[in-house]
Amino acid sequence: MFTFKDEIIQELAGIEEAGLTKRERIITSAQGSEVETESGPALNFCANNYLGLADDSRVREAAQDALEQWGFGMSSVRFICGTQSPHRELERELADWLGTDDAILFS
């Protein structure tokens with residue numbers, strides 16, 4: 001009897017044979033244009049760190065200060081737990097910069 005489990009196993013084997021299996025790369029360093037991986041150094045062409053802000057010392061210091069003052073997030077969506085004032089302030093500043101009435105951020 002051919003079961004659903006057998007069908008899944010067969011499908012996964014086909015994906016593997018075609019070389020289409022996605023493997024997670026373990027990064028053992030901070031994010032940047034160059035990173036260390038378990039298999040050695042690599043150039044990082046896939047990060048969303050276009051401006052290099054993730055490893056900028058000023059941004060990291062500001063993030064640490066905010067973490068000390070505000071904690072780590074709201075623990076739920078803003079429409080249930082509310083929106084913290086720094087989040088709303090950033091939305092207003094973005095709206096002003098963009099010349100729009102308002103802005104909303106999702107994270």
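Each residue of the sequence shown is one higher than the one before, starting from 1 at the first, in the UniProt record's numbering.
We treat Cβ as the ideally placed atom computed from N, Cα and C, and that holds for glycine.
Nothing here was measured: the structure is a model prediction, and the numbers come from that model.
For a test of the three-state rule: what should DSSP assign to residue 42, helix, strand or coil?
Position 42 of the sequence shown, counted from the first residue, corresponds to residue 42. It is a strand residue.
Rounded to the nearest angstrom, what separates residue 47 and residue 62 at their Cα positions?
In the sequence shown, residue 47 corresponds to position 47, counting from 1. In the sequence shown, residue 62 corresponds to position 62, counting from 1. The straight-line gap from Cα to Cα measures roughly 21 angstroms.
Give me the DSSP bridge partner(s) of residue 27.
As a working mapping, residue 27 is identified with position 27 in the sequence shown. DSSP, once it has assigned bridges, lists 37 as partnering residue 27.
For residue 86, which residues in the same chain have their Cβ closer than 8 angstroms to its Cβ, ignoring the five residues on either side in sequence?
Looking up residue 86 in the sequence shown gives position 86. Answer for residue 86: 66, 70, listed in chain order.
Reference residue 24; option with closest CA among 39, 10, 14:
Working through the sequence shown from its first residue, we reach residue 24 at position 24. Here the closest residue by C-alpha is 39.
So, helix, strand or coil for residue 65, using DSSP?
Along the sequence shown, read from residue 1 onward, the residue named residue 65 stands at position 65. Three-state result, residue 65: helix.
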